[in-house]
Amino acid sequence: MTAIPRHPYDTAATCDLCHDRRPAAAPEATAQSAITPGRRALLCAPCGDDRPGRSHPDLLAEDFTWRAMTRRATRLADDYAAGRWLPYEEEHRWAHGLARTYWTRDAVDAALHDPGSYVRAGRLVRVVQPLPTLLTIIGDGDRALRPVRALVDALAHPGPTRP
Ligand SMILES: [Zn+2]
1 MTAIPRHPYD
11 TAATCDLCHD
21 RRPAAAPEAT
31 AQSAITPGRR
41 ALLCAPCGDD
51 RPGRSHPDLL
61 AEDFTWRAMT
71 RRATRLADDY
81 AAGRWLPYEE
91 EHRWAHGLAR
101 TYWTRDAVDA
111 ALHDPGSYVR
121 AGRLVRVVQP
131 LPTLLTIIGD
141 GDRALRPVRA
151 LVDALAHPGP
161 TRP
């Protein structure tokens, strides 16, 4: 196999947070990178707009935690919608409780404390686990939490199976 030579700018061509999309051109979408001090981190528009640390000039550890959590939440929501993931009944019940909870660090910590063996064995709990960390810097209705909210709501109120 022959390695295809990469364009020297390829490494800088994707968002520093998600590595999926191209950085936005707008200067306000840039943030100081904590990883490479002195270099401006480049963020795509969705990451720049939605990251939990967006009010800080620096990329925070919480931003990376959020990115990983959002990725997992989106993948699980896709798997659920496509029928590739069938949650346990207990996961539906746990999601129902979580959906009705006002999300604070303490409230989500309490939900995670003893969720039951089926929930512990399932996939949903692994998406929710980093949530208390994020709730130290953002609140319940924050837009950064929309993908996780959407997942929890979909599980809390399962509709008819899609064709
Ligand atoms: Zn991004």
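For what it's worth, the working numbering labels the leading residue of the sequence shown as 1, then goes sequentially. Cβ atoms here follow ideal geometry from the backbone N, Cα and C, with glycine treated the same way.
- In terms of CA proximity to Leu151, Ala73 leads the group Leu60, Ala73, Asp49.
- Between the alpha carbons of Leu43 and Arg126 lies a distance of about 26 Å.
- In this structure, the beta-carbon distance from Arg51 to Ala144 falls below 8 Å.
- Arg143 has its CB no nearer than 7 Å to any heavy atom of ligand 1.
- Counting C-beta pairs with one atom in each stretch, the segment 126 to 136 and the segment 96 to 111 have three or more that are closer than 8 Å, which means they touch.
- Sequence-distant Cβ neighbours of Glu62 in its own chain, meaning closer than 7 Å and more than five residues away, are Pro52, Gly53, Thr133, Leu134, Ile137.
- DSSP places Gly48 in the helix class (H, G or I) of the three-state scheme.
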